[in-house]
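Q: Have a look at this one before I ask anything.
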Amino acid sequence: MTNHWVDIKNADVILVMGGNPAEAHPCGFKWVIEAKKTRKAKLVVVDPRFNRTAAVADFYAPLRSGTDIAFLGGVINFLLSSGKIHHDYVKAYTNASFLIDETFAFDDGIFSGYNAEKRSYGKDSWKYQLDKDGYAKVDETLQDPNCVFQLLKKHYSRYTPEIVAQVCGTPKEAFLKVCEYVAETAAPNKTMTNLYALGWTEHTVGSQNIRCMAIIQQLLGNMGMAGGGINALRGHANVQGITDFALYAQNLPGYLSAPADADVDFKTFLEKRTPKPLRPGQMNFPQNFPKWHTSLMKAWFGDAANKENDFAYHYLPKLGGASDVLSIFDQMFQGKMNGFFCQGFNPLASVANKKKVGDALAKLKYLVIIDPLATDTSEFWKSYGEFNEVDPAKVPTEVFRLPASLFAEQTGSYTNSGRVVQWHWKAADGPGETRDDTEIIAALFLKLKEMYAKDGGAFPEPIQKLAWAYRQPAKPAPEEVLMEINGKALADLEDPKEKGKILVKAGEQLGTFGVLRDDGSTSCGNWIYCGTWSQAGNNTAKRDNSDPSGLGQTLNWGYAWPVNRRIIYNRASCDPAGKPWDAKRTVIKWLGDKWGGSDVPDMRPDAKPEEGVMPFIMNPEGVARLFSRELMADGPFPEHYEPFETPLDKNPLHPNNPKAFSNPAARVYKGDMEAFGKAKDFPYVATTYRLTEHFHYWTKHSHINAVLQPEQFVEIGEELAKEKGIANGSMVKVRSNRGFIRAVAVVTKRIKALDVDGKKVHTIGIPTHFGFKGATKPGFIANTLTPVVGDANVQTPEYKAFLVNLERA
Amino acid sequence: MALQSLDIARSSATTTPPPSVRQTTEVAKLIDVSTCIGCKACQAACMEWNDIREEIGTCSGVYDNPTNLTENSWTVMRFAEVEEAGKLEWLIRKDGCMHCADPGCLKACPAPGAILQYANGIVDFQEEYCIGCGYCVTGCPFNIPRISQKDGKAYKCTLCSDRVAVGQAPACIKSCPTGALQFGSKEQMRDYAEHRVVDLKERGFKEAGIYDPQGVGGTHVMYVLHHADRPQLYNGLPADPGISPLVHLWKGFAKPLATVAMAAVALGSLYHYVTKGPNEVSKELEDELEKEDAL
């Protein structure tokens, strides 16, 4: 989230699209209700299903799953063509005025630079025109045909209300009504927040769904404002923390891009990641990359990382190719992997195409499960009848189950969707032989180190030299780990502005990443977490909920990254002169000599407004991007492409260009393309989702949750049920090209047939929570049905839009 | 004896006058249906606090699970899909004891002290005195009490009288994530509810209102409804609940007859207990006695 949970109460309009917070985030949803009660906010829900969020909404509009860009593109067109945008904001704080390379083009669904064979783009033309100093050229009048504003207008002029209705199946009046709600917040003193989750990410156009909303929020001037922002609702209490700590191989902690084969040496690695400013006088904060990276290496390797050895750069593995979840299981499927560690992960249930995952796991020599529960994955080799048809005699994989304690049985921190890091204390000891995750990993590490010492190995240094200065090496304390992550001064740190003045003494905990150095005199395990455990102690354990501004900015409750800032880009809540756009919701303002307010300013504290330092300090251009340059794999503007399994035989926006049917830059593996189903065999759109009674695949093991939602079901509209002769509560079989599930039919008025491109499209809803292990009635893994294809940028699988057929069972 | 904070105002089949020295505030639970998301956290909290566990059931084609109130499920969410003039609403109502000011169950109960009404308004079953006759079921206009298959006694929501006695809100209130459940004095709850009704009317629900039916003297569990003119839309919430005429008959001239009937209950119970065991007793007797009462 750019904002935070409590801040939702400051919104005037809450648009829920690509999420279902009443069901998936019921605790955070209280702030939506709060906004309704205290600000008379309007809640608008756009979703293929009338869900429990819609049940308390002021307005609901349906759409076909996988057509969010068509819908949002229509909203962009509405805002631009009706002039309902926050003009001053757009002009000052976005790249609307920037001039784009004259060779940039968009032709019938394909951007310039496309290579059909590689299914990827060369992005040389997706760039700003630069002047002789390397700064982007701008046209303040926004009239130049190559300026971003004109290109944006042209691109989305095709997204008329008629096209939206044709592609999405959303009735025109309903679409326009949503547009009106959204457009109200173009006023400087009105804001809209947007809440989304996996309903946007789990598509082959997932990242671009979110980009669409980013464009809308920029046009409305809602970024940086209280009650505004783009707010990703994270599923697991600590999934934000997981992301922050680089459980994706492409990143090192703190979103530092990990080295790859192409980064032949340390110098190349740093240069590629340390941008130059694209406009004069901008903060260009990522220029500090070498400080963050060096401090990380000092935290990891201590004295073994030094200037002479490029701070142990050669210890880091270099990415040779993709390493996302789909590629990992594809490599495993091809027999390229010997062993696999599953820590708090149930891939048999949660990765697309269960059959492929099960077959892949059966090619391993060993599988290690570190989990509090006996997961479905841990018994992938065991036959559970038609729920898991497998012959154990044919599975050579050796499976180890290491029982871990549950989060409530561990002390540590978790980071919520609003980036607030909160310490928690264990509530009980784990049962039986369970151990904390840190103990399990420590035991593994110490054993490996011992084996390298005894037996040698190809490259022992990264293991042998890893800093491990815990009081009990076999049991690192969570407190020690957070202190290490926060970082400390390894030498006295002198104030660069004043010789002889010591900012931090050697050995002291650091208070902010502002003091990090690239000379090896600081260590920090994750730069964005610097400040969580300062000299003052554990700031994540603070529990003072006082809220002087009344805006919910509780700066002494936990610690938000970065630097305890609650609303990022908050400089944009003021006009260029430093006056809040809405004085009633002042986040920060210019106080004459510095920035201050109810939040930690997202700006150099003494940057005078007349200096023109722009609010989006993480961008080298200083402003937000309507045009995303070469940073996205599938285009600088989002474009509607059909899901890889679609009921249509063409993309209604590009009926004559088969290349632009589905996302032209999405990766498809051999064998997976063939596993896509066609509409003639599988005529219905299916989408998977969560129910409020369960959390993912955990709570099916809990008696009370199982009582509240005991048995697998699928949701079917009344019209389709009638057509198929399916009675409410009867068993049905849902089949995709990859397998089938059998479940109870919930026949409902809440899923309507949609009129799409002249044909009637039915949607079938498939809750994901069930499986063959647990307290709930044994069921099928919903991901038996889903296709193996992911978002073009981050490879999140397309769980939300695929094709199935339906029959009585 | 009840805790001091739970002065008894009325006790079933008892004529001893209640204590009247202390001033007790009437409490109420408010269920704001318009902000309820049907998450069932209240159901989970109810099972946990009261140490009751429903069996794991099946899906019957709706989100309602457990599908009905039972001796182990003192509150359930009832989901109703209502579509009128092209507008769909998913009305989700938390069902459970309404804690009537004039409780039909208590009036109908022939077992001395088995049903109490505290001065704070809570209607509470004392299972140790319950004879399992099922009269409370007949007496209840909301179809709430359930006779246990296990011990033949009647169970229902206690409004967490144990928590309220020590100044805590009921477990369901504590667990509600959206604040759809509120607890306080009845007066406060009515004020708050009126505030919510204004908001709903502004959002176009012209018939929004408070459900606090006077046919049972008002209730200590109230609803805020978007369609207060048609409570039946919410999965059959009665529009005008009142105490069954059978109960009035029982409390009126038929009482001496009923006393005889009660003796029959006791004897019959013993007989059935010896011959058939406890489980089927109450149902059969209930039928017999109802016939008698109807005379």
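Protein chains in written order, with numbering that gives the first Met the number 0: chain A, 0 to 808; chain E, 0 to 294.
Don't be surprised by glycine CBs; every beta carbon is placed ideally from N, CA and C.
For clarity, every value in this text was computed on a predicted model and none was experimentally measured.
Does A/M672 pass the burial test, meaning 16 or more other C-beta atoms within 10 Å, or should it be called exposed?
A: Within the first sequence, residue 672 of chain A is the residue found at index 673, counting from 1. A/M672 should be labelled exposed.
Q: Whole angstroms is fine: what's the gap from E/N67's alpha carbon to A/G551's?
A: Position 68 of the second sequence, counting from 1, holds the residue named residue 67 of chain E. Position 552 of the first sequence, counting from 1, holds the residue named residue 551 of chain A. Taking the straight line joining both Cα atoms gives about 40 Å.
Q: Grab me the residues of E/A153's own chain with a C-beta within less than 6 Å of its C-beta, minus the 5 sequence neighbours each way, in chain order.
A: As a working note, residue 153 of chain E is residue 154 in the second sequence. Closer than 6 Å at the Cβ level, and outside the excluded window around E/A153, lie F124, C129, C135, P144, I146.
Q: Between which residues of its own chain and A/A21 is the CB-CB distance below 6 Å, once the five residues before and five after are set aside?
A: Along the first sequence, read from residue 1 onward, the residue named residue 21 of chain A stands at position 22. Closer than 6 Å at Cβ, skipping near neighbours: F28, R51, T52.
Q: What does E/E83 touch in chain B if you count any residue whose Cβ is under 8 Å from its own?
A: Of the protein chains in this structure, namely A and E, none is chain B.
Q: Alpha carbon to alpha carbon, what distance is there between A/Q463 and A/E479?
A: In the first sequence, counting from the first residue as 1, residue 479 of chain A sits at position 480. In the first sequence, counting from the first residue as 1, residue 463 of chain A sits at position 464. Roughly 20 Å between the two C-alpha positions.
Q: Per DSSP, what kind of secondary structure is A/I327 in: helix, strand or coil?
A: In the first sequence, residue 327 of chain A corresponds to position 328, counting from 1. Note: A/I327 maps to helix in three-state DSSP.
Q: Assuming the contact rule is C-beta atoms closer than 8 Å, A/I84 and A/A185 should be a hit. Round their C-beta distance to whole Å, please.
A: Position 85 of the first sequence, counting from 1, holds the residue named residue 84 of chain A. Position 186 of the first sequence, counting from 1, holds the residue named residue 185 of chain A. With 8 Å as the limit, A/I84 and A/A185 qualify as a contact, their Cβ atoms being about 5 Å apart.
Q: Along the beta strand (DSSP E) that carries E/I36, what are the first and last residues, could you check?
A: On the second sequence, position 37 is the one that residue 36 of chain E refers to. No beta strand (DSSP E) holds E/I36; DSSP gives it neither H nor E.
Q: Do we get a CB-CB distance below 8 Å when we pair E/C139 with the residues of chain A?
A: On the second sequence, position 140 is the one that residue 139 of chain E refers to. It does not: the Cβ of E/C139 has no partner Cβ on chain A nearer than 8 Å.
Q: What separation, rounded to the nearest whole angstrom, lies between the Cα atoms of E/S10 and A/N727?
A: By one-based count along the second sequence, residue 10 of chain E stands at place 11. By one-based count along the first sequence, residue 727 of chain A stands at place 728. Distance between the alpha carbons of E/S10 and A/N727: 45 Å.
Q: Please compile the residues from chain A whose C-beta is within a distance smaller than 8 Å of the C-beta of E/I36.
A: For the purposes of this step, residue 36 of chain E is taken as the residue at position 37 of the second sequence. Ordered by position in chain A, the residues that pass the 8 Å Cβ test against E/I36 are A21, E22, P25, F28, R51, T52, A54, V55, T691.
Q: Which residues in chain E have a C-beta closer than 9 Å to the C-beta of A/Q810? List them in chain order.
A: The requested residue 810 of chain A is not part of the displayed model; chain A covers only 0 to 808.
Q: For E/C104, which three-state DSSP category applies?
A: Position 105 of the second sequence, counted from the start, is the residue given in the question as residue 104 of chain E. Three-state DSSP puts E/C104 in a helix.
Q: Looking only at its own chain, which residues have a Cβ that is under 7 Å from the Cβ of A/E483, when we skip the five neighbours before and after it?
A: Within the first sequence, numbered from 1, the residue matching residue 483 of chain A stands at position 484. If we look at A/E483 and ignore the five residues flanking it on each side, its Cβ neighbours are A298, G524.
Q: Could you pull the start and end residues of the alpha helix (DSSP H) that A/E179 belongs to?
A: What you label residue 179 of chain A is simply residue 180 of the first sequence in a count that begins at 1. Element bounds for A/E179: 171-182.
Q: Listed from N- to C-terminal order along the chain, which residues in the region 10-39 of chain E have their beta-carbon within a distance smaller than 8 Å of any beta-carbon of chain A?
A: Listed by position, the residues of the region 10-39 of chain E near chain A (Cβ gap below 8 Å) are S33, T34, C35, I36, G37, C38, K39.
Q: Using only the alpha-carbon positions, how far apart do A/N211 and A/G530 sit?
A: Taking the first sequence and counting its residues from 1, the one referred to as residue 211 of chain A is at position 212. Taking the first sequence and counting its residues from 1, the one referred to as residue 530 of chain A is at position 531. Note that residue 211 of chain A corresponds to Cys in the displayed sequence, not to Asn. Taking the straight line from one Cα to the other gives about 33 Å.
Q: Closest Cβ-Cβ distance between E/D198 and chain A: below 8 Å?
A: Along the second sequence, read from residue 1 onward, the residue named residue 198 of chain E stands at position 199. Taking Cβ atoms only, chain A reaches closer than 8 Å to E/D198, which makes this a yes.
Q: Could you name the residues of chain E that A/F288 contacts, counting a contact when the two beta carbons are closer than 9 Å?
A: Working through the first sequence from its first residue, we reach residue 288 of chain A at position 289. Within 9 Å Cβ-Cβ: nothing; A/F288 doesn't reach chain E, min ~41 Å.
Q: For A/G728, which residues in chain E fall below 7 Å Cβ to Cβ?
A: Sequence index remark: in the first sequence, residue 728 of chain A carries index 729 (1-based). Chain E residues near A/G728: S59, G60.
Q: Judging by CA-CA distance, which residue of A/F769, A/A685, A/N485 is the nearest neighbour of A/I715?
A: Here residue 715 of chain A corresponds to residue number 716 of the first sequence, with the count starting at 1. When each option's Cα is compared against that of A/I715, the closest is A/A685.
Q: Hey, out of E/N49, E/L29, E/C41, E/E83, whose CA is closest to E/R229's CA?
A: Residue 229 of chain E sits at position 230 when you count from the first residue of the second sequence. Here the closest residue by C-alpha is E/E83.
Q: Any chance the CB of A/K799 is under 7 Å from a heavy atom of the ligand PLP?
A: By its list of ligands, the structure shown contains no ligand whatsoever, and the ligand PLP lies outside what it can speak to.
Q: According to the Cβ coordinates, are A/H639 and A/G168 closer than 8 Å?
A: Reading the first sequence from its first residue, position 640 is the one you call residue 639 of chain A. Reading the first sequence from its first residue, position 169 is the one you call residue 168 of chain A. Contact: no.
Q: Tell me the residue span of the beta strand (DSSP E) that contains A/T273.
A: In the first sequence, counting from the first residue as 1, residue 273 of chain A sits at position 274. Unbroken run through A/T273: none, as it is neither H nor E.
Q: Which residues does DSSP list as the beta-bridge partners of A/F801?
A: For this step, residue 801 of chain A is matched to residue 802 along the first sequence. Answer by DSSP bridge pairing, in chain order: A/A685.
Q: Give me the residue from E/T15, E/L236, E/S33 with the minimum Cα distance to E/L180.
A: Looking up residue 180 of chain E in the second sequence gives position 181. For E/L180, the nearest C-alpha among the options comes from E/S33.
Q: What in chain A is Cβ-close to E/W89, meaning under 8 Å?
A: Translated into the one-based positions of the second sequence, residue 89 of chain E becomes position 90. F49, R51, A53, A54, R749, listed in chain order.
Q: Under 8 Å Cβ-Cβ, which residues of chain A neighbour E/I55?
A: Position 56 of the second sequence, counted from the first residue, corresponds to residue 55 of chain E. Those are H702, A705, V706, P709, A774, T775, K776, listed as they occur along chain A.
Q: Within 10 angstroms of the Cβ of E/D239, are there 16 or more other Cβ atoms? Answer buried if so, exposed if not.
A: Position 240 of the second sequence holds residue 239 of chain E. E/D239 is exposed by the Cβ-count criterion.
Q: Just the C-alpha distance for A/P144 and A/L150, rounded to the nearest angstrom, thanks.
A: Counting from 1 along the first sequence, the entry for residue 144 of chain A is found at position 145. Counting from 1 along the first sequence, the entry for residue 150 of chain A is found at position 151. Rounded to the nearest angstrom, the two C-alpha atoms are 7 Å apart.
Q: Are A/F103 and A/S124 closer than 8 Å when you measure CB to CB?
A: Locating residue 103 of chain A in the first sequence gives position 104, counting from the first residue. Locating residue 124 of chain A in the first sequence gives position 125, counting from the first residue. It is a contact, given that the beta carbons lie within the stated cut-off.
Q: Which value, in whole angstroms, describes the spacing of the CA atoms of A/V44 and A/L141?
A: What you label residue 44 of chain A is simply residue 45 of the first sequence in a count that begins at 1. What you label residue 141 of chain A is simply residue 142 of the first sequence in a count that begins at 1. Spanning the two alpha carbons is a distance of roughly 33 Å.
Q: Hey, does E/M221 have any beta-carbon neighbour from chain A nearer than 8 Å?
A: Locating residue 221 of chain E in the second sequence gives position 222, counting from the first residue. Not closer than 8 Å to any Cβ of chain A, the Cβ of E/M221 fails to qualify, so no.
Q: Would you say E/P230 faces chain A, with C-beta separation under 8 Å as the test?
A: The residue you call residue 230 of chain E lines up with position 231 of the second sequence. No - not a single Cβ of chain A is within 8 Å of the one on E/P230.
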